[in-house]
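Residue 399, in this note's numbering, is where the sequence shown stops; the numbers in between run on with no holes.
Each residue gets a CB set at the ideal place from its N, CA and C atoms; glycine is no exception.
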Amino acid sequence: MKIKKYEGSTEKEAMLKVKDELGKEALIVSVKNIKPKGFYKIFKKPYVEVTAAVDDKGILNNDKFADKRAEGFSQGKNANLELDPSQEDSTFVQLLKTLADSKHIADSNHLTDLKKNEQEQRLIKKSAEEQVDKMNMTHDQPFLKVVYEQLIENDLDEIYVNQLMLGLGELSYDQKATIDDVVSIVYKRIVKLLTDLETIKLTKGKTKTVAFVGPTGVGKTTTIAKIASYFTLNLEKKVALITADTYRIAAVEQLRTYANILNIPIKVVYTATELKDAIESFKGVDLILIDTAGRSHKNQEHQNELSKLLNEIEEKELYLVLSLATKYKDLIKITDAYNDISAYKLIFTKLDETSSYGNILNVKLKTNALLSYVTFGQNVPDDISEVNVHEIAKKILGGCES
């Protein structure tokens, strides 16, 4: 394994140096803005320092992790795929058996507990850190720190990072595991934790009612337009739109414009009673998509209004739309506020506006909600796909797009 630091006047310049020398398999450990210190600092300009590592095998771009085109929702490079156990090499299979047998390693039951018991996670945090630190001090397997810091760089909660790394220090020391072995095990653990998915599925002869909630500015209206386009144009289903976002005239007009383009009906409602009547009037369609007002999660009065509105929908699916560009602590506050309203599934928007993907796993584990869709641009009906847990796992580990 090769670890090296690269400098540039900008992050882009430093990244180009990494790519030129190490290739697209390079694992980005950290990106730092450096300000010169000392007496001569006035003669020097700030620069960006990128620390990168690479292993010859390039596990993150291995062909068996390549994405497959799947039927159904427009998925492209984000299509879900299953790993075939028969494709695993004997060395990795043995490593997995060692992990399962070791009292220090989190098995599948422990990974399930990870979602439910945060107190237990914090209790083992110290021992997990000690294992990683112990191996770092030997200087024999520096890639443990590379993987650890890569997860932290991607904004993954330190509690979850320590869980994912648990036991790998002893494994790498006793069995001389490579960075590929460690990354592959962590990758598998991330995929396992992300696996629960559920998107909109229609039942023949029955109207599906779906409501979308979330803070202002996350892209709810555009996301609804993309989903409406897919079911109307790709699946040729009867779709109707309802907007209760009457606080923003632009949002109403935006959705009305999409409805006109798709030639589908739309109703604007102002009260819970009007919402109930609108749903009743659309009983003959396959899918009803409801846009709600994006309001501050801190305003309890607004949350109460939303709760009252949603209570008028007897059978519904609820999707909480979140921007991946939002800070983790704010995401948690937002999800907590919506927990009081109803159970929801998660949609993450603006993947194209961030280079950190750890919050997808953070929020998934914190809320135990199901993942559904991700969006990555403003183009309608494109720039949306079902969540591909394998692609997200690769990105959390710093992998390049294949």
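Legend entry - Nearest to K32 (by Cα), restricted to the options T332, E18, E4: K32 has its Cα closest to that of E4, out of T332, E18, E4.
Inset, instruction - Please check the pair T289 and A241, which I expect to be a contact at CB under 8 Å, by giving their CB distance rounded to whole angstroms. - result: Between T289 and A241, the beta carbon gap of about 5 Å places them in contact (Cβ cut-off 8 Å).
Inset, instruction - Would you mind reading off the limits of the alpha helix (DSSP H) that contains A390? - result: That run of the alpha helix (DSSP H) goes 386 to 393.
Legend entry - DSSP bridge partner residues for L194 (one or two, in chain order): Residue pairing from DSSP places L194 in a beta bridge opposite L368.
Inset, instruction - Have a look at L165 and V143 and give me their C-alpha separation to the nearest angstrom. - result: Straight-line Cα distance between these residues: approximately 13 Å.
Legend entry - For K205, the first and last residue of its enclosing beta strand (DSSP E): Element bounds for K205: 205 to 210.
Legend entry - CB of A390 within 8 Å of CB of V210, strictly: Between A390 and V210, the CB-CB gap reaches or exceeds 8 Å.
Legend entry - Cβ shell of T204 (< 8 Å), same chain only, five flanking positions each side left out: If we look at T204 and ignore the five residues flanking it on each side, its Cβ neighbours are F279, K280, G281, V282, D283, L284, I285.
Legend entry - Beta-carbon contacts of V236 that lie in its chain and below 6 Å, excluding the five residues immediately before and after: A225, F228, T229, I261, L284, listed in sequence order.
Inset, instruction - Check whether the segment 298 to 309 touches the segment 173 to 193, counting contact only when three or more Cβ pairs, one atom from each stretch, lie closer than 8 Å. - result: Using a C-beta cut-off of 8 Å, the segment 298 to 309 makes no contact with the segment 173 to 193, since fewer than three inter-stretch Cβ pairs fall below that distance.
Legend entry - Backbone secondary structure at L57 - three-state DSSP: Reliability fails at L57, whose pLDDT of 43 lies under 50, so the model's placement of it is uncertain and no value is given.
Legend entry - Beta-carbon proximity of I344 to L321, cut-off 8 Å: Taking 8 Å as the Cβ cut-off, I344 and L321 do not qualify as a contacting pair.
Legend entry - Through-space distance from K363 to T404, alpha-carbon basis: Here the chain has residues from -2 to 399 only, and residue 404 is not among them.
Inset, instruction - Please name the residue or residues paired with F345 in a DSSP beta bridge. - result: The partner list for F345 (beta bridge, DSSP) reads L319, V371.
Inset, instruction - Kindly list the residues whose CB is nearer than 6 Å to the CB of K392, restricted to its own chain and excluding five residues on each side of it in sequence; keep chain order. - result: So the list reads Y354, once near-sequence residues are dropped.
Legend entry - Cut-off 6 Å between Cβ atoms - residues of its own chain near D81, not counting five sequence neighbours on either side: Per-residue confidence for D81 stands at a pLDDT of 37, beneath the threshold of 50, marking its modelled position as unreliable; no derived number is given.
Legend entry - Ranges of the beta strand (DSSP E) found wholly within the segment 220 to 306, counting only runs of at least 3: Listed in chain order, the complete beta strand (DSSP E) runs (minimum 3 residues) inside the segment 220 to 306 are 236 to 240, 263 to 265, 284 to 288.
Legend entry - With 16 other Cβ atoms within 10 Å as the buried cut-off, status of S382: Buried, since its Cβ has 16 or more Cβ neighbours within 10 Å.
Legend entry - The beta strand (DSSP E) enclosing E383, as first and last residue numbers: Looking at the DSSP string, the run of the beta strand (DSSP E) that includes E383 is 381 to 383.
Inset, instruction - Determine the DSSP secondary structure at V360, reduced to helix, strand or coil. - result: Secondary structure at V360: helix, using DSSP grouped into helix, strand and coil.
Inset, instruction - With a threshold of 16 other CB atoms inside 10 Å of the CB of P43, please say whether the residue is buried or exposed. - result: Within 10 angstroms of the beta-carbon of P43 lie fewer than 16 other beta-carbons, which makes it exposed.
Legend entry - Cutoff 6 Å; reference D379; Cβ partners in own chain excluding five residues on either side: Contacts found: none.
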